[in-house]
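Engineer: Protein sequence lines, in the order shown, are assigned to chains X and Z. According to the working numbering, the first sequence is numbered sequentially starting from 1. According to the working numbering, the second sequence is numbered sequentially starting from 240. Take this structure first; my questions come after.
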Amino acid sequence: MGALFDKLNNDVRFVEGINGCINCGTCTAICPAAEVYDYEPRSIVNMVQTRDDSIIEGLLKSDTIWYCGECMSCKTRCPRNNAPGLVVQALRGLSIEKGYFIESEKGRQQLSLKRMLGNSILETGYCVHFDHTELSMFPELGPVWQWVRDNREKVLAKVGANYKGDGPGAMRNIAKENLDELEKIFEVTGGIDWFDKIENNSAKKAEEMNLDIGEKTSKSSTYFRHVYTYNTPNKHNRK
Amino acid sequence: MKKEGKKKIWSEYQKEIADDKFYFVRSCIRQTFFPGSDTAYLKILRDVLGKDVYEDPNHTTCTGIAYHTEVVPFSTIQTVVARNFALMRENGYENYTPSCVTSFGIYSEILDTWHHFPEEKQRTRDYLRKATGREFEEPANLVHTSDVIYKFRNEIAAKAKYRLVNKETGEPLKVVDHIGCHYSKMFPSKGVGGAEYPQVLAGLVETFGGEVIDYPERRHCCGFGFRQYFVQANRGYSISASKKKFASMEPYKPDLIITNCPGCNYFMDRWQYALEEMEGKTYGANGEGIPVLSYEEVAGIVLGFDPWKMGLQMHQTDIEPLLKKIGVEYNPDDKYKGPNGEDLGLPKGLKFIKD
């Protein structure tokens, strides 16, 4: 057993997620990711079961572990009560901890996710916030959403929301003392360190790729835009 | 309706759902994109059913979307969840009702983790105390808000003004139910009807007079996939999954898609629009989309709530064809007006609405 396998074994999700895979492939048959990507959850579990650190390191640096959508359909169907989705979560966590995520195109996308979702939590108290739903980032929101955004105060009041108001309600303002508590939780539990790992490793990669990482809140820097939008042609899709 | 075979087995597979005194927590996606559905839920529970539902303004996200995109580590989400549990008990409540299915899955996963790994629970206690000085207890009852509406479906139906029946033909409306993956795929025993045949929406539809369509891709994921949607480069994954479902349900000519997960509602609604833009293809009758509504929006319609105060005009796929089929009395001219009847103009470039 190697050091990386030992690390995985310290993650309770890994312990819960793998009970001895018989390689039947049921998880792959049910997997939405396997329909569109060059991806098989069966293979991931099989590779991890070798307990071979060189194989595991290869996985941690690969696109493969980032194809899963964490829908957990695999958990329902596995005849041995494994959960490849949980194994993937443990692998992704270790990839971030070791800084290996920047070695793959899909792994590098973590920078955009941190800046969109992670920053939003500490700024607004929610992963997603109305103010961050520009059509430039999410064009599929459509013309009705643009109308809602253009008339936000009146439309949101009509449907009973409490947009940026005090007290309870949808889209209410989260008081500073609550945001402070969230930030403190992130500090104590390793959440801020996690953010820093994503930012700092991404900054190194951006420099290597000759792209600008920008401020830690930037969604317009060249590195952000690259990882947010780019796919190498014919690299990821199911063959 | 007589239930036989598999339907009978699963309809008997129920879970404990509290009767009153609910602690309500918001969903990142529902409160942003479908805030009126939350309004409808609270109105149904408080005004129609007379239940005690408390919303503490101090609660926050569970961080579930960030957790499932590997932006937040497991230790952090456990502690944020513990803080929300602490707030519930501080306010004198013990029945926790998240509006979000991702959250419901998160809470279920964390309670299961604490059961199997008590050291994780102890570490979370230590973290929460150190960060906030708070103490927490687990909920006595954890259910999704769709479970609550399901529990009271007969009481709602008894007060309903409309049924899910075509006014012209008298035939039951054909309804596709779409259950969020994290409602019951991770922990089947936590969902009404388990993972194989979840009843939580089907039971509601049948009670309201509709007919549930069983189609090949009924249990396929909507395609959220967390990072597979939020990163623009990955959205082919997301729209492909929804398209697979639309193509599979199309031959059954559904009048309505009902969902219990805010994310699923968003994707089934928005990807229909995107597919129409990309391929010129629509999946409903007469070149229209298939309306997509949540359980509380459907309950609100049958109860006769004003559709525009429930925010149904905020859906990209037009829901008026459904209102017309049911025969709902509503004012179409009020759809794009402000709260005091102000003219707010019309959304620009609407191709999806066929008047």
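Think of the CB as a built atom: it goes at the ideal place given N, C-alpha and C, for glycine as much as any other residue.
Ignoring anything shorter than 3 residues or poking outside the segment 373-444 of chain Z, list the beta strand (DSSP E) runs there in chain order.
Structural biologist: Counting whole runs of 3 or more residues, the segment 373-444 of chain Z contains the beta strand (DSSP E) stretches 413-417.
Engineer: Measuring straight from C-alpha to C-alpha, what distance separates Z:GLY464 and Z:ASP573?
Structural biologist: Each residue's alpha carbon lies about 36 angstroms from the other.
Engineer: Is Z:THR446 helix, strand or coil by DSSP?
Structural biologist: Helix, per DSSP.
Engineer: Is there a C-beta anywhere in chain X that falls below 8 angstroms from the one on Z:PRO455?
Structural biologist: Chain X, which has no Cβ nearer than 8 angstroms to the Cβ of Z:PRO455, makes this no.
Engineer: Mind reading off the beta-carbon distance from X:HIS236 to X:TYR37? Whole number of angstroms is fine, and I expect it under 8 angstroms.
Structural biologist: At roughly 6 angstroms, the Cβ-Cβ gap stays under 8 angstroms, so X:HIS236 and X:TYR37 are in contact.
Engineer: Under 7 angstroms Cβ-Cβ, which residues of chain Z neighbour X:SER112?
Structural biologist: Within 7 angstroms Cβ-Cβ: VAL470.
Engineer: When the distance is taken between beta carbons, is Z:THR315 closer than 8 angstroms to X:ILE240?
Structural biologist: Absent from the model: residue 240 of chain X. The displayed extent of chain X is 1 to 239, so no value can be given.
Engineer: Taking a cut of 9 angstroms between CB atoms, which residues from the segment 38-66 of chain X lie near chain Z?
Structural biologist: For the segment 38-66 of chain X, which is checked against every Cβ of chain Z, the residues closer than 9 angstroms are TRP66.
Engineer: If you measure from the beta carbon of Z:PHE343 to each beta carbon in chain X, is any gap under 8 angstroms?
Structural biologist: False, the Cβ-Cβ gap to chain X never drops below 8 angstroms.
Engineer: Determine whether the Cβ of X:CYS27 lies closer than 8 angstroms to any Cβ atom of chain Z.
Structural biologist: X:CYS27 does not count as touching chain Z.
Engineer: Taking Z:GLN361 as the query, report the chain X residues whose CB atoms sit under 7 angstroms from its CB, ordered along the chain.
Structural biologist: Near Z:GLN361 there are no residues of chain X at all, since even the closest Cβ is about 13 angstroms away, more than 7 angstroms.
Engineer: Any chance you could list the alpha helix (DSSP H) runs of at least 4 consecutive residues sitting entirely within the segment 477-563 of chain Z, in chain order?
Structural biologist: For the segment 477-563 of chain Z, whole alpha helix (DSSP H) runs of length 4 or above, ordered along the chain, are 501-518 and 534-542.
Engineer: Would Z:ALA397 be called buried (16 or more neighbouring beta carbons within 10 Å of its own) or exposed?
Structural biologist: So Z:ALA397 counts as exposed.
Engineer: Determine, using beta carbons only, whether Z:LYS429 and Z:SER347 come nearer to each other than 8 angstroms.
Structural biologist: Going by C-beta atoms, Z:LYS429 is nearer than 8 angstroms to Z:SER347.
Engineer: Kindly say whether Z:ALA513, judged by its beta-carbon, lies nearer than 8 angstroms to any beta-carbon of chain X.
Structural biologist: Yes, contact with chain X.
Engineer: When the cut-off is 8 angstroms and only beta carbons count, does Z:GLY492 lie next to chain X?
Structural biologist: According to the sequence provided, residue 492 of chain Z is Lys. The question's Gly does not apply to it. Not an interface residue.
Engineer: With a threshold of 8 angstroms between beta-carbons, can X:SER136 be considered close to chain Z, or not?
Structural biologist: For X:SER136, the answer is no, since every Cβ of chain Z falls outside 8 angstroms of its Cβ.
Engineer: Please return the same chain residues whose Cβ sits closer than 7 angstroms to the Cβ of Z:CYS420, not counting the five positions on each side in sequence.
Structural biologist: Excluding sequence neighbours, Z:CYS420 sits near CYS460.
Engineer: Would the beta-carbon of Z:ILE478 fall within 8 angstroms of that of Z:GLY462?
Structural biologist: Result yes, Cβ atoms of Z:ILE478 and Z:GLY462 sit closer than 8 angstroms.
Engineer: Just how far apart, CA to CA, sit X:ASP196 and X:ARG42?
Structural biologist: One C-alpha to the other measures close to 32 angstroms.
Engineer: Measure from the C-beta of X:GLY241 to each C-beta in chain Z and report whether the shortest distance is under 8 angstroms.
Structural biologist: Examination of residue 241 of chain X is not possible in this model, given that chain X is present from 1 through 239 alone.
Engineer: Along the segment 12-27 of chain X, what residues have a CB closer than 9 angstroms to any CB found in chain Z?
Structural biologist: Against chain Z - using a Cβ distance shorter than 9 angstroms - the residues of the segment 12-27 of chain X are VAL12, ARG13, VAL15 and GLU16.
Engineer: Taking 8 angstroms as the threshold (beta carbon to beta carbon), is Z:PRO411 in contact with chain X?
Structural biologist: Closer than 8 angstroms: no.
Engineer: Any beta carbon from chain X within less than 8 angstroms of Z:ALA629's own beta carbon?
Structural biologist: Given that chain Z is displayed from residue 240 to residue 594, the structure contains no residue 629 of chain Z and the question cannot be resolved.
Engineer: Which word fits Z:HIS298, buried or exposed, when buried means at least 16 other C-beta atoms lie within 10 angstroms of its C-beta?
Structural biologist: By the 10 Å Cβ count, Z:HIS298 comes out buried.
Engineer: On the CB-based measure, 16 or more other CB atoms within 10 Å of its CB, does Z:TYR332 come out buried or exposed?
Structural biologist: So Z:TYR332 ends up on the buried side.
Engineer: How should X:GLU16 be labelled, buried or exposed, when 16 other C-beta atoms within 10 angstroms of its C-beta is the threshold for buried?
Structural biologist: Flag for X:GLU16 reads buried.
Engineer: May I have the straight-line CA-CA distance separating X:THR26 from X:LEU8, to the nearest angstrom?
Structural biologist: Using only the alpha carbons, I get a separation of about 23 angstroms.
Engineer: Can you tell which of Z:GLU435, Z:ILE345 and Z:ALA305 has its C-alpha closest to the C-alpha of X:GLY191?
Structural biologist: Of the listed residues, the one whose Cα sits closest to X:GLY191 is Z:ALA305.
Engineer: At a CB distance below 8 angstroms, what residues from the segment 518-552 of chain Z approach chain X? Give them in sequence order.
Structural biologist: Correct list: TRP547, LYS548, MET549, GLY550 and GLN552.
Engineer: Starting from Z:TYR262, trace the beta strand (DSSP E) both ways and give me its first and last residue.
Structural biologist: Its beta strand (DSSP E) spans residues 261-264.
Engineer: Along the segment 302-314 of chain Z, what residues have a CB closer than 8 angstroms to any CB found in chain X?
Structural biologist: If the cut-off is 8 angstroms between Cβ atoms, the segment 302-314 of chain Z has THR302, GLY303, ILE304, ALA305, HIS307, THR308, GLU309, VAL310, VAL311, PRO312, PHE313 and SER314 near chain X.
Engineer: When the cut-off is 8 angstroms and only beta carbons count, does Z:SER347 lie next to chain X?
Structural biologist: No, no contact with chain X.
Engineer: Using DSSP bridges, identify the partner residues of X:ASN237.
Structural biologist: The partner list for X:ASN237 (beta bridge, DSSP) reads X:TYR37.
Engineer: Tell me, please, which residues DSSP counts as bridged to Z:THR315.
Structural biologist: Answer by DSSP bridge pairing: none, since Z:THR315 is not bridged.
Engineer: For X:VAL227 and X:LYS114, I'd like the C-alpha separation in whole angstroms.
Structural biologist: Taking the straight line joining both Cα atoms gives about 12 angstroms.
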